[in-house]
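This report concerns only the one structure given below.
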Ligand code: ZN
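Residue numbers (the numbering used here): 1 to 131.
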């Protein structure tokens, strides 16, 4: 079962980073034409999601909404001081699964796969497995 890792060099505190190309590269290299691609984020202050990639305003709107949903100054107990990033990571989730058809990720027309940075900038890892 083909499996691997790639690096995501985020550059902002909070950021949607389009990883669709890197995931498609893994699918192409695997030689698998029909199957399932699992993508997993092993970090506690980052997530993965699939959403619109055509208009960057959508990514900005999602980040702005998360900033409103997650209070910056609750009496958080976690001493590292980055609890809002942990909460955002749990809200977004840590994995996505996409069908592979004819060697291509079967995403919707406007969909992209995003690595969601909530406590950057950092060098992040993404794990993938194709079955
Ligand atoms: Zn923390």
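Idealized CB from N, CA, C, for every residue including glycine.
Please identify the residue among the options whose C-alpha is closest to the C-alpha of residue i.
i, options, result
"residue 80", "15, 119, 33", "119"
"residue 30", "111, 100, 77", "100"
"residue 122", "63, 33, 20, 46", "46"
"residue 102", "82, 124, 24, 66", "24"
Residue i to residue j, Cα distance in whole Å?
i, j, result
"residue 35", "residue 53", "23 Å"
"residue 43", "residue 126", "9 Å"
"residue 38", "residue 95", "7 Å"
"residue 77", "residue 22", "37 Å"
"residue 91", "residue 60", "16 Å"
"residue 93", "residue 11", "21 Å"
"residue 64", "residue 84", "13 Å"
"residue 88", "residue 48", "11 Å"
Should the segment 101-108 be called in touch with the segment 68-87, which here means at least 3 C-beta pairs below 8 Å?
Cβ pair count under 8 Å is below three, so no.
If you measure from each CB to the nearest heavy atom of the ligand ZN and keep those under 5 Å, what residues do you get, in chain order?
Listed by position along the chain, the residues with Cβ atoms less than 5 Å from a non-hydrogen atom of the ligand ZN are 80, 82.
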